[in-house]
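Undergrad:
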Amino acid sequence: MYAVIETGGQQYKIKEGDTLKIEKVPAEIGNTIKFDKVLLVNTGEKCRIGNPYVKDVTVESEVLLQDRHRKVIVFKYKRRKGYQKKRGHRQHFTKVRILKINA
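If you're matching positions, the sequence shown starts at 5 in the working numbering and goes up one per residue.
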């Protein structure tokens, strides 16, 4: 059984037991999160596709970690003009484990 969910403007193909990094969600470590924006559910014998979301299907997950990704260097440069700009960015993320797909 697998599902496709939408969170943080991105789509993820998941199954029970998977761990994934998603856009930061305001939740404490150890709490559970329910995703109700399920786009597709495949149970093996039947595939349900939403329009845009599948009704009465939720995905339960547990928060494992709240952290930040590695630093990404943003360097802007224009030749022969003396223009240089160097910036760094660290994106926040939430690491979750998929517990159950309620289909």
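Using N, Cα and C, we set each Cβ at its ideal position, and we do this for glycine too.
Go to Thr-62, then tell me how far its beta strand (DSSP E) extends in each direction, as first and last residue.
TA: By one-based count along the sequence shown, residue 62 stands at place 58. Unbroken beta strand (DSSP E) run through Thr-62: 62–72.
Undergrad: With C-beta atoms as the reference, is Val-100 less than 7 Å away from Ser-65?
TA: Taking the sequence shown and counting its residues from 1, the one referred to as residue 100 is at position 96. Taking the sequence shown and counting its residues from 1, the one referred to as residue 65 is at position 61. Contact: yes.
Undergrad: Which word fits Tyr-81, buried or exposed, when buried means at least 16 other C-beta atoms lie within 10 angstroms of its C-beta?
TA: Looking up residue 81 in the sequence shown gives position 77. Exposed.
Undergrad: So does the segment 46–59 actually touch the segment 81–92, counting three or more Cβ pairs closer than 8 Å?
TA: no
Undergrad: For my contact list, Gly-12 and Ile-33 are in at a C-beta cut-off of 8 Å; report their separation, rounded to the angstrom.
TA: Here residue 12 corresponds to residue number 8 of the sequence shown, with the count starting at 1. Here residue 33 corresponds to residue number 29 of the sequence shown, with the count starting at 1. That pair is no contact at about 18 Å.
Undergrad: Rounded to the nearest angstrom, what separates Arg-84 and Ile-77 at their Cα positions?
TA: Position 80 of the sequence shown, counting from 1, holds the residue named residue 84. Position 73 of the sequence shown, counting from 1, holds the residue named residue 77. About 22 Å.
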